[in-house]
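Enquirer: Sharing a structure with you now.
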Amino acid sequence: MSNQLTLDSIVDLSHLSIQKEDDEEYTVGDLYNDIFIRIPYEGVLVIELLNKGLSIEEAQKEIENKYKIEIDVLDFVELLLELNLIHKLDGKVLMEIIKTDMNLGWKQKIGNLFFRKETVIMYTILSILTVGMFCYEPSLLPNYKDMFLFESVGISLFIFFIVSWLLTFLHEIGHYFAAAKENVPVRFQLSIRWFWIVIEADMNKLWSQEKQKRYIPFLAGLCWDMVVLFIAVLIQFFMQNQEFIYHFARMIILIQMYRIVSQFAIFLRTDFYYILITYFNSSNLTQSATAYLLKSIVASKKNIYVNLPEKEKKLAKYYSYFYVLGGIAASLLFIFYTVPAGYTAINGAVQQISSYQINSINFWDGLILLSLTLFEIALWCIGAWKSRIRNTNSQLEV
């Protein structure tokens, strides 16, 4: 039996989740295979008719005669076939439904504990207090030198590396438990955001949930970042006489400030980006904004922009301002933190290795730093390779 669609074909789409985004669009997808697309109401109506057991031709006639809607049902179903969203075609299984255990048990309980209404209010208050403390006492703000906890550059960077990755893990665990609260499983993956290697919580399955249930999981990592930042600022403010604790707190503040500011680089598809596309009901704000910004320079971008719906054009215009500001934020972080810190560290390491004997502590200090640098580069390459594979194999993305 071939997979050729005909007007007499009967397709099974009963496995698809359907979530209303606004009065015009719905998110439809396969929860178990992580494939989601955005379609208008007419597409949802077609899916509902086909799930009643109607053939493509019968669905076409009913949608024209009963609902007075003009839509090419066969063409729409062909699109679903291309995206691997059809479970059965004329009784033949095309896409296996590999059901995973969606009962998250204790993980869901932890999510309910840390991300209920009262705790979200607490996170908001702590964020406001932290900003207030920085405004009241600007000297609390960090600089790149705060990553060097000791005179030993190698040991300082090693501790910075470990603490930074622990805080990254804490950030992603926040996403994990907040998604578990909505009974949505999450997996972790290595990825690249511009110059930076990151661990990401893949929350693609959240698109199977209604709109209001997505916001907290997307913001959860930032909520925990703000708690850590608030505690570190308090320690720095009240324990200035404890030299090691004071400088350790400043190092944590540097890491957290870097992480929080980088969230505004929304062209890198940060947590804020997913908040925006959820709020504005846009499936690809980055592509739309890029088309708007480059439409006068690149012909292909102009064609993309011209073919956008009027609503998407308006969103692209507003989002482009955030896009540019995000680019500036990322550039400033890279120029004023990443570059000087990296130069200071690597230059010091090279001098130590070239100036001291192998039996010297300074030699090994420099070697530790170079080893960490090479390890980071290796992780970056692995993340870039995995991102490339995901982008190559990805379906139409929400």
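Taken in order, the sequence shown gives residues 262 to 659; the numbers are from the numbering used here. Cβ coordinates follow ideal geometry from the N, Cα and C atoms, glycine included.
Can you give the Cα-Cα distance for S278 and A606, rounded to whole angstroms?
Expert: The residue you call residue 278 lines up with position 17 of the sequence shown. The residue you call residue 606 lines up with position 345 of the sequence shown. The straight-line gap from Cα to Cα measures roughly 50 Å.
Enquirer: Go ahead and pull the three-state DSSP assignment for A526.
Expert: Within the sequence shown, residue 526 is the residue found at index 265, counting from 1. In the structure shown, A526 sits in coil (DSSP, three-state: anything other than H, G, I, E or B).
Enquirer: Short check: CB of Y485 to CB of L431, under 7 Å?
Expert: Here residue 485 refers to the residue found at position 224 of the sequence shown. Here residue 431 refers to the residue found at position 170 of the sequence shown. A small correction: the amino acid at residue 485 is Trp; Tyr does not occupy that position in the sequence shown. Going by C-beta atoms, W485 is nearer than 7 Å to L431.
Enquirer: Please report the residue range of the beta strand (DSSP E) in which Y287 lies.
Expert: Taking the first residue of the sequence shown as 1, we reach residue 287 at position 26. Segment E286 to D291, the beta strand (DSSP E) holding Y287.
Enquirer: Quick check on the burial criterion: 16 or more other C-beta atoms within 10 angstroms. Buried or exposed for P403?
Expert: Counting from one through the sequence shown, the residue named residue 403 turns up at place 142. So P403 ends up on the buried side.
Enquirer: Does the distance from the CB of A440 to the CB of P478 come in under 7 Å?
Expert: Locating residue 440 in the sequence shown gives position 179, counting from the first residue. Locating residue 478 in the sequence shown gives position 217, counting from the first residue. In this structure, P478 lies closer than 7 Å to A440 by Cβ.
Enquirer: Less than 7 Å between the C-beta atoms of L401 and F395, yes or no?
Expert: Taking the sequence shown and counting its residues from 1, the one referred to as residue 401 is at position 140. Taking the sequence shown and counting its residues from 1, the one referred to as residue 395 is at position 134. The answer is yes: Cβ separation under 7 Å.
Enquirer: In three-state DSSP terms, what is E443?
Expert: Your numbering for residue 443 matches position 182 in the sequence shown. E443 falls in the coil class under three-state DSSP.
Enquirer: Tell me, which residues are paired with K353 by DSSP?
Expert: The residue given as residue 353 occupies position 92 in the sequence shown. According to DSSP, which records beta bridges pairwise, K353 is partnered with L350.
Enquirer: For the beta strand (DSSP E) containing Q613, list its first residue and its last residue.
Expert: As a first step, residue 613 is located in the sequence shown; it is residue number 352 there, counting from the start. Per DSSP, Q613 belongs to no beta strand (DSSP E); it is in the alpha helix (DSSP H), V600 to S616.
Enquirer: If you pair each beta-carbon of the segment 443 to 451 with each one of the segment 460 to 475, do three or more pairs fall below 8 Å?
Expert: As far as the Cβ criterion goes, the segment 443 to 451 touches the segment 460 to 475, which means the pair count is three or higher.
Enquirer: For the beta strand (DSSP E) containing Q280, list its first residue and its last residue.
Expert: Numbered from 1 along the sequence shown, position 19 holds the residue referred to as residue 280. Run containing Q280: S278 to K281, per the beta strand (DSSP E) assignment.
Enquirer: Identify which residue in I308, V567, R530 and S469 has its Cα closest to the Cα of Y293.
Expert: Here residue 293 refers to the residue found at position 32 when the sequence shown is read from its first residue. Minimum Cα distance to Y293 is reached at S469.
Enquirer: Once DSSP output is grouped into helix, strand and coil, what is the label at V392?
Expert: As a working mapping, residue 392 is identified with position 131 in the sequence shown. Three-state DSSP puts V392 in a helix.
Enquirer: Please list, in chain order, all residues of the same chain as M518 whose beta carbon is under 8 Å from its beta carbon, the five residues on each side excluded.
Expert: Position 257 of the sequence shown, counting from 1, holds the residue named residue 518. Excluding positions up to five away in sequence, the list reads L402, P403 and L490.
Enquirer: Report buried or exposed for E433, applying the criterion of at least 16 other Cβ atoms within 10 angstroms of its Cβ.
Expert: Within the sequence shown, numbered from 1, the residue matching residue 433 stands at position 172. Label assigned to E433: buried.
Enquirer: Q524: which of L586, L633 and K472 sits nearest, CA to CA?
Expert: Taking the first residue of the sequence shown as position 1, residue 524 is located at position 263. Among L586, L633 and K472, the Cα nearest to that of Q524 belongs to L586.
Enquirer: Using a 10 Å radius around the Cβ and a threshold of 16 neighbouring Cβ atoms, would you call V494 buried or exposed?
Expert: Along the sequence shown, one-based indexing puts residue 494 at 233. V494 is buried by the Cβ-count criterion.
Enquirer: With V289 and I271 assumed to form a contact (beta carbons below 8 Å), what rounded beta-carbon distance in angstroms separates them?
Expert: For the purposes of this step, residue 289 is taken as the residue at position 28 of the sequence shown. For the purposes of this step, residue 271 is taken as the residue at position 10 of the sequence shown. Not really, about 19 Å apart at Cβ, beyond 8 Å.
Enquirer: Just tell me which of N608, K556 and V424 has its CA closest to the CA of I514.
Expert: The residue labelled residue 514 in the question sits at position 253 within the sequence shown. When each option's Cα is compared against that of I514, the closest is V424.
Enquirer: Excluding five sequence neighbours on each side, which residues of the same chain lie with their C-beta closer than 6 Å to the C-beta of T531?
Expert: In the sequence shown, residue 531 corresponds to position 270, counting from 1. Counting only Cβ-Cβ distances below 6 Å, and skipping sequence neighbours, we find Q524.
Enquirer: Compute the Euclidean distance between the alpha carbons of L306 and L346, then round it to the nearest angstrom.
Expert: Taking the first residue of the sequence shown as position 1, residue 306 is located at position 45. Taking the first residue of the sequence shown as position 1, residue 346 is located at position 85. If you take the alpha carbons of L306 and L346, they lie about 16 Å apart.
Enquirer: Look at the alpha carbon of F421 and the alpha carbon of S592, and state the distance between them as a whole number of angstroms.
Expert: As a working mapping, residue 421 is identified with position 160 in the sequence shown. As a working mapping, residue 592 is identified with position 331 in the sequence shown. Roughly 22 Å between the two C-alpha positions.
Enquirer: Less than 7 Å between the C-beta atoms of G435 and G482, yes or no?
Expert: What you label residue 435 is simply residue 174 of the sequence shown in a count that begins at 1. What you label residue 482 is simply residue 221 of the sequence shown in a count that begins at 1. Against a cut-off of 7 Å, the Cβ pair of G482 and G435 comes out as a contact.
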